[in-house]
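S.K.: So the protein sequences, as listed, match chains A and B.
In terms of the numbering used here, the first sequence opens at residue 1297 and continues consecutively.
In terms of the numbering used here, the second sequence opens at residue 59 and continues consecutively.
Structure incoming, see below.
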Amino acid sequence: MISASERGGQEVVGAARIEGPIVVVEGVTGIGYDEMAEVVDRQGRIRRGRVLEVGERFAVVEVFAGTTGLTIADTSVRFVGEPMRIPVSSEMLGRIVDGLGEPIDGGPAPLAEHWADVNGQPINPTARVYPRDTIQTGISALDGMNTLVLGQKLPIFSGSGLPHDRLAAQIVRQATLTHTGDASYAKRFAIVFAAMGIKHDVAAFFRESFTAGGAISRVAMFLNLADDPPIERLVTPHTALTLAEFLAFERDMHVLVILTDMTNYCEALRQLSNIRGEVPSRKGYPGYLYSNLAMVYERTGRVKGSRGSITQIPILTMPNDDITHPVPDLTGYITEGQIVLSREMFQRGIYPPIAVLPSLSRLMKDSIGPEHTRADHASLAAQLYAAYAHVQDVRSLASVIGEEELATADQAYLRFGRAFEQEFVGQGPEESRTIEQTLDIGWRALSILPRDELTRVSEAEINEHYGEH
Amino acid sequence: MSVLIGHVVWVNGPVVRARGSEHVGLLEVVEVGDEHLVAEVIGLEGDVITLQVYEETSGLRPGAPVFGTGLPLSVELGPGLVQSIFDGIQRPLPVLEMRSGTFLAKGIEATALYRKSKWSFTPQIESGTDVRPGQLLGAVPETPAIDHRVLVPPGIVGRLTWVAPAGEYTIEEPIAHVENGSGTTVLTMLQRWPVRRPRPYHHRLPPTEMLVTGQRVLDTFFPLAKGGAAAIPGGFGAGKTVTQHQIAKWSDADVIVYVGCGERGNEMTDVLREFPHLTDPHTNRPLMERTILIANTSNMPVAAREASIYTGITLAEYYRDMGYDVALMADSTSRWAEALREISGRLEEMPAEEGYPAYLAARLAEFYERAGRVVTLNQETTGSVTIIGAVSPQGADFSEPVTQHTTRFIRCFWALDKALASARHFPAINWLDSYSEYVDEVVPWWQDRGHGEWHRLRAHALEILQRESRLQQVVKLVGPDALPDDQRLVLETARLLREGFLQQNALDEIDSFTTIEKQIRMLSIILRFHDRAAAIVAKGCPVVIVRRLPVVNTLLRMKTSVPNSQVDLIGEIERSLDEEMDELESDYS
Ligand SMILES: Nc1ncnc2c1ncn2[C@@H]1O[C@H](COP(=O)(O)OP(=O)(O)OP(=O)(O)O)[C@@H](O)[C@H]1O
Ligand SMILES: [Mg+2]
Chain A
1297 MISASERGGQ
1307 EVVGAARIEG
1317 PIVVVEGVTG
1327 IGYDEMAEVV
1337 DRQGRIRRGR
1347 VLEVGERFAV
1357 VEVFAGTTGL
1367 TIADTSVRFV
1377 GEPMRIPVSS
1387 EMLGRIVDGL
1397 GEPIDGGPAP
1407 LAEHWADVNG
1417 QPINPTARVY
1427 PRDTIQTGIS
1437 ALDGMNTLVL
1447 GQKLPIFSGS
1457 GLPHDRLAAQ
1467 IVRQATLTHT
1477 GDASYAKRFA
1487 IVFAAMGIKH
1497 DVAAFFRESF
1507 TAGGAISRVA
1517 MFLNLADDPP
1527 IERLVTPHTA
1537 LTLAEFLAFE
1547 RDMHVLVILT
1557 DMTNYCEALR
1567 QLSNIRGEVP
1577 SRKGYPGYLY
1587 SNLAMVYERT
1597 GRVKGSRGSI
1607 TQIPILTMPN
1617 DDITHPVPDL
1627 TGYITEGQIV
1637 LSREMFQRGI
1647 YPPIAVLPSL
1657 SRLMKDSIGP
1667 EHTRADHASL
1677 AAQLYAAYAH
1687 VQDVRSLASV
1697 IGEEELATAD
1707 QAYLRFGRAF
1717 EQEFVGQGPE
1727 ESRTIEQTLD
1737 IGWRALSILP
1747 RDELTRVSEA
1757 EINEHYGEH
Chain B
59 MSVLIGHVVW
69 VNGPVVRARG
79 SEHVGLLEVV
89 EVGDEHLVAE
99 VIGLEGDVIT
109 LQVYEETSGL
119 RPGAPVFGTG
129 LPLSVELGPG
139 LVQSIFDGIQ
149 RPLPVLEMRS
159 GTFLAKGIEA
169 TALYRKSKWS
179 FTPQIESGTD
189 VRPGQLLGAV
199 PETPAIDHRV
209 LVPPGIVGRL
219 TWVAPAGEYT
229 IEEPIAHVEN
239 GSGTTVLTML
249 QRWPVRRPRP
259 YHHRLPPTEM
269 LVTGQRVLDT
279 FFPLAKGGAA
289 AIPGGFGAGK
299 TVTQHQIAKW
309 SDADVIVYVG
319 CGERGNEMTD
329 VLREFPHLTD
339 PHTNRPLMER
349 TILIANTSNM
359 PVAAREASIY
369 TGITLAEYYR
379 DMGYDVALMA
389 DSTSRWAEAL
399 REISGRLEEM
409 PAEEGYPAYL
419 AARLAEFYER
429 AGRVVTLNQE
439 TTGSVTIIGA
449 VSPQGADFSE
459 PVTQHTTRFI
469 RCFWALDKAL
479 ASARHFPAIN
489 WLDSYSEYVD
499 EVVPWWQDRG
509 HGEWHRLRAH
519 ALEILQRESR
529 LQQVVKLVGP
539 DALPDDQRLV
549 LETARLLREG
559 FLQQNALDEI
569 DSFTTIEKQI
579 RMLSIILRFH
589 DRAAAIVAKG
599 CPVVIVRRLP
609 VVNTLLRMKT
619 SVPNSQVDLI
629 GEIERSLDEE
639 MDELESDYS
């Protein structure tokens, strides 16, 4: 890092107030809002921080590593004179860094190709290219019904103990571009992995999975683990995305970004907000949580003049499996759909336990069909949705009046429901299906239903695919 | 023009305090720092000036200069607005892209309207005429779809002493002189208007004209009138944006103002990509030729998001004053309310519910009150602004403050339902929870178009749907087979209504838009099915037999199989309906 003194910043000795992760200093003038600071303790160790508020004679600094051990008298703060920037370069692929971007794998600091502001800047909507290239993940519940698109932000809404990590790793391992898109995808593929407050074994799981898939040299890992300072994780997704933007838009790479766990990020934000005495909105989260999350999630997509892309798969655990909790709720309002995992399906042994009905890919509509996947894809997906939605009603009826009492068509729905969950949604953690295979399995399940129940697919499609498999 | 008025003393995100001149006005636009960040004065106390800054304040320091402009936050009005895309404070995004590339940098100045374009002005008035506000001076073909009418601005009265001859002019060149007691006013095609002040009109008219959206559940069941206001609340993924896009595409408004307020970047890109290639069914011109876009996405500065709504509505009023029917979509008003909350929080104002400031309701009221059908200042022209506001309630809980306050100021409520959306019933507008208070007012409109039966058909269909929902409660407990056949028929007809009429696929070329004519034909044939089937069922025919008639499948598919231009095909379906029913009836008599 460039130290404060080289940039001619200001330095104050002594803090006016220390509270939680915050240090307030007085007697400084002309400090910039959002500027970087270095907080030096009695032993001369440096902790990095950022300015949250400035007045004529004071500055409020959040200290990423926390303030434990800092004293009023012996703490000094140097202001760097500019917002936080990190060095970025292609060399960061294959490396492990902390939540602030400093190497922790024992290797040397990567040579900076560029110093980039971690806040980034919003992409001008007119400079965006609408994402349309389908990614084949090999997972039917995604490819068939919630297609992932290159440049999309598609989170996984999970719950504690559910196999979201395994699913994310499987997506990373199996992702390829379908017919469209360009052939050099595999060569220009990179992964940026950002961990916020997750356990060591989860990080290790991902590292092993990347290694086993042979991708580790294309992965940059930003790790802020459960026992790392919480405030640091407020920066982690931003540093990771700063690298992703460099790789995608300066180096034409297709970058898949995994952010896990966004719930920990939001909790750190809540903690900071509460300490600062801000007016809360729901469940103690600050009113600006939406805007703050947007600063993370919107750093995704494709832009004119670059052949690269950023695809984001944030993972978050829903407290109490509650999808209306502010973290999943505000995320869903920003991202381009969501993949929801179901505890109930998990308990029934279905992997991946994707709850198809509340899941959604908003970019699917323009990325499937004859030019992208197959002509019957859209109507098949619609039919599967409609039929599976009806299965839910039939199941609750069956639980009241008994299966035998159901009309014949409804009994067929129950069979369809089971086949759909077991054979279409359910698959092996190592199994990768082509889109064709996925769609054919879909038709096979639908063929359990009487023909005249299928009103979302055309007559011609029925004639072509019904009952054939 | 800008003069030093003070210096920054405090920075907290988009909220900044400065100390300096006591001659600065509330709501005056100022520029902050060496980068001249655009800001607005939102509070004055002694020599302390509180500002909301429309750009990112990262790096801003106490001591930085603040410059006054003496003007309130205003928009530029004139030819060139249509087909443009602006940010929340009316900076043209394509120009910003030229200046700063892919990413939006701060401190970039760009006028809303391009100064060098020449527009072909044709005067429509003789010099020597006494003129008053709203009077037509001349016209400019702004796009092939929109004739831009240059009017005498509000507040200008006098004698027209000169009007420019037909010719090509820039928006800054004089096109008319108006003389009165206090001197001569030189008029150009470029005018300005402060966004927070509604543009004046002469008087309001009742909203009796339908805004035809081509969306069956809206037009037939919950109609919106031109000059009216509607809210479309719903949880994430319920279909607010798709519905708003559908209205922007297919409604019979003359001008569309689409405000992307704190939403996704890609959604604006989608509009930019799609609209130039879609044809307005009413004018056969590309949709972009009637559209103005305002994009202040979720990650763009929050204060400019607050302003974007006002920028949009002011542009809408400007075209209303020319005599156009303008429809404004605001997606999402909740993000705007959150912007208010964020600014208010940083000012440490006393919050009301869920952290929102106590003035939330007042702000919402002011906004929705700017909808209306009016006679303009010239006392002859009528025009309208219709507002359709998306609401994004946290946790899809309609009892939250923004939804609740909004319902007080709108008359049309299109309630999106998460359960319908996850069952992929689109548009997921719940037919039991939604309402329109314009129903009675637009009855004559339907009558004038030869559809006097609309009101009756609508009531009948709604009644069937309501009965269905009550019957479903019973079905949940005992199964459908336990119901008597006349009730099972209600379920069957309701299914036809839900799947064959209410569900409308925005992505299907034919289904995306349905003319009024086709809507009426579809509805009446479904109800005819019901009436005929009821008679047959009464004679002892089981519903399962009726359900298996081939026409049922045809009815479910007519939304996609019958193009708007060939509604007579429904006549043929009607014939086969009658034939099949006749046959069945003869079996049971
Ligand atoms: N009329 C429709 N026809 C077909 N699909 C639809 C329709 N309405 C909604 N959808 C589907 O639902 C998805 C979500 O809709 P939309 O983006 O409008 O939700 P939203 O309410 O705006 O969500 P958010 O609040 O998160 O922005 C769309 O991507 C599309 O797949
Ligand atoms: Mg939306």
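Just so you know, even glycine gets a beta-carbon here, dropped at the ideal spot from N, CA and C.
The structure presented is a predicted model; accordingly, all values stated were derived computationally and were not measured.
Return yes when at least one heavy atom of ligand 1 lies under 8 Å from the C-beta of residue 1629(A), else no.
M.R.: Relative to ligand 1, residue 1629(A) has its C-beta within less than 8 Å of a heavy atom.
S.K.: Report yes if the C-beta distance between residue 1607(A) and residue 1690(A) is below 9 Å; otherwise report no.
M.R.: Cβ atoms of residue 1607(A) and residue 1690(A): not closer than 9 Å.
S.K.: Give a yes or no on whether the C-beta atoms belonging to residue 140(B) and residue 201(B) are separated by under 9 Å.
M.R.: yes
S.K.: Any beta carbon of chain B sitting closer than 9 Å to that of residue 1667(A)?
M.R.: no
S.K.: Residues with a Cβ closer than 5 Å to any heavy atom of ligand 2, in chain order?
M.R.: 298(B), 299(B)
S.K.: Counting contacts by CB-CB distance shorter than 9 Å, is residue 1442(A) in contact with chain B?
M.R.: Residue 1442(A) does not count as touching chain B.
S.K.: What's the call for residue 532(B), buried or exposed, on a 16-neighbour Cβ count within 10 Å?
M.R.: exposed
S.K.: With C-beta atoms as the reference, is residue 312(B) less than 9 Å away from residue 382(B)?
M.R.: yes
S.K.: Going by C-alpha to C-alpha distance, which of 1321(A), 1664(A), 1487(A), 1762(A) sits closest to residue 1505(A)?
M.R.: 1487(A)
S.K.: Should residue 1532(A) be flagged as near chain B, meaning a C-beta pair shorter than 9 Å?
M.R.: Chain B, which has no Cβ nearer than 9 Å to the Cβ of residue 1532(A), makes this no.
S.K.: I'd like to check one pair, residue 351(B) with residue 326(B): are the Cβ atoms closer than 9 Å?
M.R.: The answer is yes: Cβ separation under 9 Å.
S.K.: Is the Cβ of residue 1762(A) closer than 9 Å to any Cβ of chain B?
M.R.: no
S.K.: Could you tell me whether the Cβ of residue 387(B) comes closer than 9 Å to any Cβ of chain A?
M.R.: no
S.K.: From the DSSP output, which residues share a beta bridge with residue 226(B)?
M.R.: DSSP lists 178(B) as partners of residue 226(B).
S.K.: How big is the Cα-Cα spacing for residue 1662(A) and residue 618(B)?
M.R.: 19 Å
S.K.: I need the DSSP call for residue 1560(A), collapsed to helix, strand or coil.
M.R.: helix
S.K.: Do residue 1709(A) and residue 1745(A) come within 9 Å of each other at the CB atom, strictly closer than that value?
M.R.: yes
S.K.: Consult DSSP for residue 1742(A) and reduce its assignment to one of helix, strand or coil.
M.R.: Three-state DSSP puts residue 1742(A) in a helix.
S.K.: Got a sec: is the Cβ-Cβ distance from residue 1616(A) to anything in chain B below 9 Å?
M.R.: no
S.K.: Taking only the alpha-carbon atoms, compute the straight-line gap between residue 205(B) and residue 287(B) and give it to the nearest angstrom.
M.R.: 26 Å
S.K.: Among the candidates 120(B), 193(B), 125(B), 362(B), whose CA atom is the shortest distance from the CA of residue 216(B)?
M.R.: 193(B)
S.K.: If the cut-off is 8 Å on Cβ atoms, which residues from the segment 1621 to 1655 of chain A count as contacting chain B, listed in chain order?
M.R.: From the segment 1621 to 1655 of chain A, only 1621, 1622, 1625, 1626, 1628, 1629, 1630, 1632, 1633, 1634, 1653, 1654 have a Cβ closer than 8 Å to chain B.
S.K.: Does at least one heavy atom of ligand 1 sit under 8 Å from the Cβ of residue 471(B)?
M.R.: no
S.K.: Across the segment 1750 to 1757 of chain A and the segment 91 to 103 of chain B, are there enough close Cβ pairs to call them in contact, namely three or more that are closer than 8 Å?
M.R.: Fewer than three beta-carbon pairs drawn from the segment 1750 to 1757 of chain A and the segment 91 to 103 of chain B are found closer than 8 Å, and the two stretches are therefore not classed as touching.
S.K.: By a C-beta neighbour count over all protein chains shown, 10 Å radius and 16 as the cutoff for buried, is residue 61(B) buried or exposed?
M.R.: Exposed is the call here.
S.K.: At what residues does the alpha helix (DSSP H) containing residue 1642(A) begin and finish?
M.R.: 1639 to 1643
S.K.: Using CA coordinates, which residue listed in 569(B), 585(B), 570(B), 499(B) is at the minimum distance from residue 552(B)?
M.R.: With distances taken between Cα atoms, residue 552(B) lies closest to 585(B).
S.K.: Can you find the residues in the same chain that come closer than 8 Å, C-beta to C-beta, to residue 5(B), ignoring five residues on each side of it along the sequence?
M.R.: Outside the modelled stretch of chain B, which goes from 59 to 647, sits residue 5(B), for which no answer is possible.
S.K.: Give the residues of chain A in contact with residue 436(B), contact being defined as C-beta atoms less than 7 Å apart.
M.R.: Simply none; closest approach about 37 Å.
S.K.: Report yes if the C-beta of residue 321(B) is less than 8 Å from at least one heavy atom of ligand 1; otherwise report no.
M.R.: yes
S.K.: Taking only beta-carbon atoms, is residue 1295(A) less than 9 Å away from chain B?
M.R.: In the structure as shown, chain A starts at 1297 and stops at 1765, and residue 1295(A) therefore has no counterpart that could be examined.
S.K.: Could you name the residues of chain A that residue 536(B) contacts, counting a contact when the two beta carbons are closer than 7 Å?
M.R.: 1697
S.K.: Got a sec: which bits of the segment 389 to 406 of chain B sit with their beta carbon under 9 Å from any beta carbon on chain A, in order along the chain?
M.R.: 390, 392, 393, 396, 397, 399, 400, 402, 403, 404, 406
S.K.: According to DSSP, is residue 239(B) part of a helix, a strand, or is it coil?
M.R.: coil
S.K.: Rounded to whole angstroms, what's the CA-CA distance from residue 132(B) to residue 97(B)? Just pull it up for me.
M.R.: 12 Å
S.K.: In chain B, which residues lie less than 9 Å from residue 1591(A) when you measure between Cβ atoms?
M.R.: 356, 357
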